[in-house]
Amino acid sequence: MDVTISNAVKYIGVDDTTIDLFESQYVVPEGVSYNSYVILDEKTAVMDTVDKRGMEEWEANLLNALDGRKVDYLVVQHLEPDHAGSIARLVELFPDVTLVGNAKTFSMMPQFFDFPLEGHTLTVKEGDTLSLGEHTLTFVMAPMVHWPEVMVSYESTEKILFSADGFGKFGALSKTEDDDWACEARRYYFNIVGKYGAPVQTLLKKASSLEIATICPLHGPILKENLGYYLDIYNTWSSYAPEDKGILVAYASIHGNTGEAANRLADILREKGAEKVVVSDLAREDMAEVIEDAFRYDRMIVAAASYDGGVFPCMQDFLHHLQSKAYQNRKVGILENGSWAPTAAKAMRGVLESLKNVEIAEPVVTIRSTLKDSDIPALEQLAEAML
Ligand code: FEO
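Quick note on this note's numbering: the sequence shown kicks off at 86 and runs consecutively.
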């Protein structure tokens, strides 16, 4: 893996290939990286630390890069424990270090740490600069580009944007060198940052005035080429515009009958010429992957069994995820199944109607227990409405 940045800017992050669930909720089959960097100039600055799971390896990387020097500054761009987890160790190693953060950083820091901050902090605000010698950092506030204290840093000599969680992705660097970037970056973005489209848009506007040669995120690869691609795709994602034309058919089936109906509907959509149809079984597939697809495509069909006077729980869970991630600007079709009193459509519609600019396609289709030939015309009608 190529983590070379420059003579003065070194990667000191670590891969985590043994974590079971990132943030205790996301499967990461190829692990995740906690990125950290050090700038070696007249003064030295560490750009964030790593999760305590990687602390020992990070410390070795740091000491190796420092080659006997001390750390003058630790820039804390984000206090979430996957990045701040080794701050206390850095303070222990270098008691004279100055912590650089904004007012929010330092108001939150005592919630995580009990070392004394007095005399060891430099509070920065939008546009403030910190000279390290030949390198100068300019701080750009990015509140809610995941947490309220988040800021990014622009180093103007080498034109490096240290982008915090922005442009991050799942996947350990050692395991994903040849992987397509967007796949796991998209799953990461919509599940972790998705709710905060407006703050990301604000940050992108600020970034558009900077000449950027390299993006150094806190997860995933360092981006050095074709940066317009990454900035454009982030603009699409954060504006809640669909990335591709296509229809996600997400189903929640108890005994397989609703799944059969959903798959039949998908076949009808394909026969009628849908550009792309993706079918997902909410009971078995990675929820984060289905959320990603919901945002990726411009249309979605939700198909679910009725359950306890409402909707089968994995569909309820899915819709509430979409609600909390601010799913919007899409067309959605509804298919329900019920054996005695169908209730799934009402429950699903209730959540969908709370979303911004979500158009519900008509007709809403109800099947009873199993799909029958007599149901096909209604499926055809719904398919037509979705095309
Ligand atoms: Fe990678 Fe919001 O922490």
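Don't be surprised by glycine CBs; every beta carbon is placed ideally from N, CA and C.
Report task. Work out the CA separation of Ala283 and Val350 for me, nearest whole Å. Result -> Residue identity check: residue 350 is Leu in the sequence provided, not Val. Spanning the two alpha carbons is a distance of roughly 35 Å.
**Report entry** Residues that DSSP places opposite Cys301 in a beta bridge
**Finding:** Phe247
Query raised in the report: So which residues put a beta carbon under 5 Å from any heavy atom of the ligand FEO, going in chain order?
Result: Glu165, Asp167, His231 and Asp250
**Report entry** Nonlocal neighbours in the same chain, by C-beta distance under 6 Å from Asp136, ignoring five residues either side
**Finding:** Tyr119, Asp167 and Gly170
Query - Under 8 Å between C-beta atoms of Val443 and Val417 - result: yes
Query raised in the report: Does DSSP put Tyr122 in a helix, in a strand, or in coil?
Result: strand
Report task. Can you grab the Cα-Cα spacing for the pair Glu310 / Thr190, in whole Å? Result -> 32 Å
Report task. Could you check if Ser241 is buried or exposed, using at least 16 other CB atoms within 10 Å of its CB as the buried criterion? Result -> exposed
Query raised in the report: What does Phe252 pair with, by DSSP beta-bridge criteria?
Result: DSSP, once it has assigned bridges, lists no residue as partnering Phe252.
**Report entry** Classification of Leu106 by the beta-carbon crowding that lies within 10 angstroms, buried from 16 upward
**Finding:** exposed
Requested in this report: Report whether the distance from the Cβ of Gln286 to the nearest heavy atom of the ligand MG is below 7 Å.
Outcome: Inclusion of the ligand MG in the displayed structure is not the case, the ligand content consisting of the ligand FEO alone.
Query - Secondary structure of Thr183, DSSP reduced to three states - result: strand
Report task. Could you please give me the residues that DSSP links to Lys416 through a beta bridge? Result -> Arg384 and Glu444
Query raised in the report: When the Cα atoms are used, what is the spatial distance from Gln162 to Lys155?
Result: 20 Å
Query raised in the report: Identify the residues that DSSP records as bridge partners of Gly395: which are they?
Result: Tyr392
Query raised in the report: Across which residues does DSSP place Val160 in a beta bridge pair?
Result: Met132 and Val185
Requested in this report: List the DSSP bridge partners of Ala335.
Outcome: Ser365 and Val387
**Report entry** Endpoints, the alpha helix (DSSP H) within which Lys290 is located
**Finding:** Gly282 to Ala292
Query - Leu367 to Pro462 span [Cα, whole Å] - result: 26 Å
Query raised in the report: Candidates Ala411, Leu312 and Pro306: which alpha carbon is nearest Gly98's?
Result: Pro306
Query raised in the report: According to DSSP, is Asn530 helix, strand or coil?
Result: Nothing can be reported for residue 530, as the shown portion of the chain is limited to 86 through 472.
**Report entry** Those residues which DSSP pairs with Tyr274 across a bridge
**Finding:** Tyr274 pairs with nothing; no bridge assigned.
Query - Other residues of its chain near Ile172: CB distance less than 6 Å, five sequence neighbours each side excluded - result: Thr134
Query - Span of the alpha helix (DSSP H) around Asp315 - result: The sequence shown places Tyr at residue 315, not Asp. Taken as a continuous stretch (DSSP letters only), the alpha helix (DSSP H) holding Tyr315 covers Leu312 to Ser323.
Query raised in the report: Buried or exposed: Ala188, going by 16 or more other Cβ atoms within 10 Å of its Cβ?
Result: exposed
Requested in this report: Under 8 Å by Cβ, that's how I've got Ala379 and Thr343 pegged, so tell me the actual separation to the nearest angstrom.
Outcome: That belief does not hold up - the Cβ atoms of Ala379 and Thr343 are roughly 18 Å apart, past 8 Å.
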